[in-house]
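Protein chains in written order, with our numbering: chain A, 1 to 257; chain B, 1001 to 1257.
Backbone N, C-alpha and C define an ideal beta-carbon position, used for all residues, glycine too.
Because the structure is a prediction, the values reported are computed rather than measured.
Okay, so here's the structure we're looking at.
Number of protein chains: 2
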Amino acid sequence: MHILITNDDGIHSPGIKALAKSMKSIGEVTVVAPDNEKSAIGHAITIHSPITVKHSYFVDDKVNAYAVNGTPADCIKLAIEVLLSDNLPDIIISGINNGPNLGTDVIYSGTVSGALEGSMMGFPSIAISMSKSQFKSYDYAALFVSKIASRILDCSKISPITFNINYPVCDEKEVKGTKITRLGVRKYRNNFIRRKDPRGNWYYWMNGEPEDLIQDEKSDIIAVSDNYVSITPLHFDLTSYDLIDKVKCLEYEKKKC
Amino acid sequence: MHILITNDDGIHSPGIKALAKSMKSIGEVTVVAPDNEKSAIGHAITIHSPITVKHSYFVDDKVNAYAVNGTPADCIKLAIEVLLSDNLPDIIISGINNGPNLGTDVIYSGTVSGALEGSMMGFPSIAISMSKSQFKSYDYAALFVSKIASRILDCSKISPITFNINYPVCDEKEVKGTKITRLGVRKYRNNFIRRKDPRGNWYYWMNGEPEDLIQDEKSDIIAVSDNYVSITPLHFDLTSYDLIDKVKCLEYEKKKC
């Protein structure tokens, strides 16, 4: 199995190194990841400036690693179209993210967008995140992904699926199992800090504490708070099919003169 | 009606000026938009650096305009939480984008993400784009939005909807009417140009020509190619509900020791 790995915390982050090491035990690994942190970059792509690539190695020099001055979505496009065009991956994995990618927040996530870009290009993919921001070991989450990867490949035989996985941050013995979930809702309060810069001009810094909202019992947010590994299948079709018939009143033919 | 306008081409682009002018005829307008071009920025938000704001005026000094050194999603968050917190908008409009936002490409679009952020924050919203990149007048598309805005507000009474509108680039007499559509599929070939920089290092520049794909007859791509105004209702829930039952095989409870 050839596994392509990216992330949004940057190629030097501990999460991506733990993931590469673990996946090396089940197949060939190639890392193509941003050369610096790209958290909250969403599905941005770089079209107005050139993209550069620097080659190095991971995991005792056994894993090819490419540092890209772009976003996670850039990394996947460049990997598939250029760097790995002669040796395409079987699966794309993005992470391990330092912190959760849960609920409505996934739309801002570079980690999730890297995985979604994979499915858009026809490859099964996984985004893997820790359910809390943490500097502890990523090893259990990395081991989990290496164990579930082949089953995820089986699920994706008909069409490539993106799985958004959040691993609970608790004692490993307390992890209860896995739950297939839907995305919950995340909202924040006190979103901006307002301060004056050294020249006396106001600036704003995005902040925000998550609101305590009543979540659907089947949501990813509930699953990880109950110490389950949350697995949510994602899609990239933003059409609201439910609404198409309800807004048909806006459709008209112009009268011909 | 209070109308909040943003875009991703930047506050100095002709599309946003045409839109502000047209919307001024039906209500109070506030412009909060990026201070430079942010095309293809997706749903990125700025969390690792401060955001600054400069105030100016549009449309014969009758429209308050704020230039923000951030993304379209930043602009909407800052507008709702800070700049307009005492005078919230009734509707949010993002555009007029120079070029199409059709099919799977909408996931990369800053213009669409600005509108989607609006719905995520509870406001009805419109993304408006020209179906081809063009430097001609935006006036017909701007007039169209000013005419349809109140009907879109009516549709959004139960819950706030994002409408992705693409206006056909043809002689105005040839515009046939409107179609409610779903997103089509856009794929590209020859995605990267590879060149050497002045120091002899390779760099890559994202490019790509759209492939000729067979599109669903009800897609936005077909509608605008047939000279209709395409209107697609969007959502921001990336959960693939269709797949939840199909991937239940990945769910398990750990055995207790």
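Starting from the beta carbon of residue i, find every residue of chain A whose beta carbon is closer than 9 angstroms, and list them in chain order.
i: Arg1199/B; result: The premise fails here: Arg1199/B is roughly 11 angstroms from chain A at the closest Cβ pair, so nothing lies under 9 angstroms.
i: Ser1094/B; result: Per Cβ cutoff of 9 angstroms: no residues; Ser1094/B is ~14 angstroms from chain A at best.
I'd like to check one pair, residue j with residue i: are the Cβ atoms closer than 9 angstroms?
i: Val59/A; j: Val32/A; result: no
i: Thr232/A; j: Leu183/A; result: yes
i: Asn1097/B; j: Ala1127/B; result: yes
i: Gly1103/B; j: Arg1186/B; result: yes
i: Leu243/A; j: His1002/B; result: no
i: Asn207/A; j: Asn190/A; result: yes
i: Ile1092/B; j: Ser1125/B; result: yes
i: Tyr1241/B; j: Glu1209/B; result: no
i: Leu78/A; j: Ile51/A; result: yes
i: Pro1168/B; j: Val1224/B; result: yes
i: Gly99/A; j: Gln134/A; result: yes
i: Ala1149/B; j: Ile1026/B; result: yes
i: Ala65/A; j: Ala18/A; result: no
i: Ser219/A; j: Ser109/A; result: no
i: Val175/A; j: Tyr140/A; result: yes
i: His1261/B; j: Leu1116/B; result: Because chain B spans 1001 through 1257 in this model, residue 1261/B falls outside it and cannot be assessed.
Taking C-beta pairs closer than 7 angstroms, name the residues in chain B that residue i reaches, listed in chain order.
i: Asp237/A; result: Leu1183
i: Asn191/A; result: Lys1077, Glu1081
i: His43/A; result: Gly1042, His1043, Ile1107, Tyr1108
i: Ile214/A; result: Within 7 angstroms Cβ-Cβ: nothing; Ile214/A doesn't reach chain B, min ~17 angstroms.
i: Tyr203/A; result: Pro1050, Ile1051, Thr1052
Give me the residue from the options with the minimum Cα distance to residue i.
i: Thr1046/B; options: Leu250/A, Trp205/A, Thr239/A; result: Trp205/A
i: Ala1067/B; options: Asp1242/B, Pro1089/B, Asp1035/B, Gln1215/B; result: Asp1035/B
i: Cys170/A; options: Thr181/A, Met130/A, Ile161/A, Lys157/A; result: Met130/A
i: Ile1180/B; options: Ile1091/B, Ser1230/B, Ile1107/B; result: Ser1230/B
i: Cys1249/B; options: Lys157/A, Arg151/A, Asn7/A, Lys246/A; result: Arg151/A
i: Lys136/A; options: Thr162/A, Asp9/A, Gly15/A; result: Gly15/A
i: Asp1212/B; options: Ile1222/B, Lys1024/B, His1043/B; result: Ile1222/B
i: Pro1160/B; options: Gly1118/B, Arg1195/B, Tyr1140/B; result: Gly1118/B
i: Glu253/A; options: Val1247/B, Lys1173/B, Asp1216/B, Gln1215/B; result: Lys1173/B
i: Phe1123/B; options: Gly1095/B, Thr1162/B, Gly1099/B; result: Thr1162/B
i: Lys54/A; options: Lys17/A, Leu83/A, Ala141/A, Ala18/A; result: Leu83/A
i: Met1121/B; options: His1012/B, Asp1216/B, Asp1074/B, Val1063/B; result: Asp1074/B
i: Gly1070/B; options: Leu1143/B, Gln1215/B, Asn1007/B; result: Asn1007/B
i: Asp1237/B; options: Lys246/A, Trp202/A, Ile214/A, Asp105/A; result: Asp105/A
Who are residue i's beta bridge partners in DSSP?
i: Pro124/A; result: Beta-bridge pairing links Pro124/A to no other residue.
i: Asn1064/B; result: Thr1030/B, Tyr1057/B
i: Arg1182/B; result: Ser1219/B
i: Arg1189/B; result: Glu1209/B
i: Lys196/A; result: Trp202/A
i: Ile16/A; result: Note: Ile16/A sits in no beta bridge, so no partner.
i: Met130/A; result: Tyr167/A
i: Tyr1294/B; result: The structure shown does not extend to residue 1294/B, since chain B spans only 1001 to 1257, so no value can be given for it.
i: Ile5/A; result: Val31/A, Ile93/A
i: Tyr108/A; result: In the DSSP output, where bridge partners are listed per residue, Tyr108/A has none listed.
i: Glu172/A; result: Beta-bridge pairing links Glu172/A to no other residue.
i: Glu1253/B; result: Gly177/A
i: Pro233/A; result: Phe163/A
What does the Cβ neighbour count give for residue i, buried or exposed, with the cut at 16 atoms within 10 Å?
i: Cys1155/B; result: buried
i: Tyr228/A; result: buried
i: Gly1200/B; result: exposed
i: Ser146/A; result: buried
i: Asp61/A; result: exposed
i: Ser1041/B; result: The sequence shown places Ile at residue 1041/B, rather than the Ser named in the question. Ile1041/B should be labelled buried.
i: Ile1193/B; result: exposed
i: Ser1022/B; result: buried
i: Pro1089/B; result: buried
i: Ser13/A; result: buried
i: His1048/B; result: exposed
i: Asp1009/B; result: buried
i: Ile11/A; result: buried
i: Pro198/A; result: exposed
i: Ile1076/B; result: buried
Report the neighbours of residue i on chain A: residues whose CB is nearer than 8 angstroms to its CB, in chain order.
i: Val1247/B; result: Cys155, Ile161, Phe163, Ile180, Ile231, Pro233
i: Lys1254/B; result: Val175, Lys176, Gly177
i: Tyr1241/B; result: Arg182
i: Met1206/B; result: Ile45, Thr46, Ile47, Ile51, Asp74, Lys77
i: Ser1125/B; result: Residues of chain A passing the Cβ test: none, with the nearest at roughly 13 angstroms.
i: Ile1148/B; result: Leu250
Note down, in chain order, every chain A residue with its Cβ under 7 angstroms from the Cβ of residue i.
i: Val1106/B; result: Leu238
i: Glu1251/B; result: Thr178, Lys179, Ile180
Give the interface partners of residue i over in chain B, defined as CB-CB distance under 8 angstroms, in chain order.
i: Gly15/A; result: What Gly15/A touches in chain B: nothing, since even the nearest Cβ is about 17 angstroms away.
i: Ser39/A; result: Ile1047, His1048
Is the closest heavy atom of the ligand FMN to the C-beta of residue i under 8 angstroms?
i: His235/A; result: The ligand content of the structure shown is nil, which means the ligand FMN is not present either.
Residue i versus chain B: which residues are under 9 angstroms apart at the beta carbon?
i: Ile244/A; result: Ile1180, Thr1181, Arg1182, Lys1218, Thr1232, Pro1233
Margin query: Please list, in chain order, the residues of the stretch 1166–1181 of chain B that have any C-beta partner in chain C closer than 9 angstroms.
Written below: Within the model displayed, chain C is absent; protein chains A and B are what it includes.
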